[in-house]
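Under this note's numbering, the residues of the sequence shown are numbered 1203 to 1378, in order. Just so it is clear, CB atoms sit at the ideal spot from N, CA and C, and this is done for glycine as well. Source: prediction; values computed, not measured.
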Amino acid sequence: MSATQKTSPAAAVAGEVPILRIKDLTISVKTEQGLHHLVSNLSFVLKKGETLAIAGESGSGKSLTALAIMGLLPPPAVRVTQGGIIFEDLNLTRSSESQLQKLRGNRIAMIFQEPMTALNPVMTLGAQLIEAIRAHKNISANAARRRALEVVRAVRLNDPERRLSQYPHELSGGMR
């Protein structure tokens, strides 16, 4: 696995505090033979305005790294056994589940690789967006629907009202 970074001119401000710092991250799985390292000593820094690409072969730990950052590793077998994940000034490896829940979907998010497994096939896109918005914000269903429409418009899907009423299988591959 390797990481590649691109910095925009806005991010080149000297002394800017990183948004995300990964320091000597090791992710391990508990086996009958003991701990087996799945990701070993990974470190990188991401500042505002930067884009970071994590590339590697299948099974190299890209998804595990993202899941670790989000605090979504499948317990108790897989866990961070060394290093730190610092988001802004918060050490995510030492944060409680309630602290992580406040961050997820508001300040930090993950886009899963396969949208067809991320979207519920028996719920409309609108119902799923509204549910996700309301899970993170204390707002009415109508306000969440307005926000869902804003999101669909922001990603430039045509006919946003119609898109909200569609099921995942009714969307083209690019829309999903």
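Could you check the C-alpha separation between residue i and residue j for me, to the nearest Å?
i, j, result
"leucine 1373", "leucine 1327", "9 Å"
"leucine 1254", "arginine 1223", "12 Å"
"serine 1367", "glutamate 1316", "21 Å"
"glutamine 1330", "isoleucine 1341", "15 Å"
"arginine 1296", "valine 1324", "36 Å"
"glutamate 1299", "leucine 1351", "30 Å"
"glycine 1321", "glutamate 1252", "The residue asked about is misnamed: residue 1321 is leucine in this sequence, not glycine. Approximately 28 Å, taken between the alpha carbons."
"leucine 1359", "asparagine 1344", "20 Å"
"serine 1210", "alanine 1268", "Legend: pLDDT at serine 1210 = 49, less than 50; position of this residue unreliable, value from coordinates given subsequently. Rounded to whole angstroms, serine 1210 to alanine 1268 spans 22 Å at the Cα level."
"alanine 1334", "histidine 1371", "19 Å"
"glycine 1261", "valine 1280", "14 Å"
"glutamine 1303", "leucine 1294", "11 Å"
Could you check whether residue j and residue i sit closer than 8 Å to each other, using their CB atoms as the reference points?
i, j, result
"leucine 1244", "valine 1231", "no"
"isoleucine 1332", "glutamate 1290", "no"
"alanine 1270", "isoleucine 1287", "yes"
"valine 1394", "leucine 1227", "The requested residue 1394 does not occur in the structure, where the chain is confined to residues 1203 to 1378."
"leucine 1275", "isoleucine 1229", "yes"
"alanine 1346", "arginine 1336", "yes"
"isoleucine 1256", "lysine 1250", "no"
Name, in chain order, the residues that DSSP records as bridge partners for residue i.
i, result
"asparagine 1293", "Ile1288"
"serine 1230", "His1239 and Arg1281"
"threonine 1326", "DSSP output for threonine 1326 lists no bridge partner at all."
"arginine 1306", "Ile1310"
"lysine 1225", "Gly1286"
"valine 1219", "Answer is none; valine 1219 lacks a bridge partner."
Can you tell me whether residue i sits near the ligand GDP, meaning its C-beta is under 7 Å from at least one heavy atom of the ligand?
i, result
"proline 1362", "Although the ligand GDP was asked about, the structure shown includes no ligands whatsoever."
To which residues of the same chain is residue i closer than 7 Å at the C-beta, ignoring the five residues directly before and after it?
i, result
"valine 1219", "none"
"leucine 1248", "Pro1220, Ile1221, Leu1222 and Leu1254"
"serine 1242", "Thr1228"
"tyrosine 1369", "Pro1323 and Thr1326"
Check the C-beta distance from residue i over to residue j and give it rounded, since I have them as a contact under 8 Å.
i, j, result
"arginine 1306", "methionine 1272", "6 Å"
In its own chain, which residues sit with a C-beta less than 8 Å from the C-beta of residue i, not counting the 5 before and 5 after it?
i, result
"histidine 1338", "Arg1306, Gly1307 and Asn1308"
"glutamine 1301", "Leu1292"
"leucine 1266", "Ile1229, Leu1240, Val1241, Leu1275 and Val1280"
"glycine 1285", "Ile1224, Lys1225, Asp1226, Leu1227, Thr1228, Asn1243, Leu1244, Ser1245 and Thr1295"
Short of 6 Å in beta carbon distance, which residues of its chain neighbour residue i, apart from the five on each side in sequence? Order them along the chain.
i, result
"proline 1362", "Leu1351, Val1354 and Arg1355"
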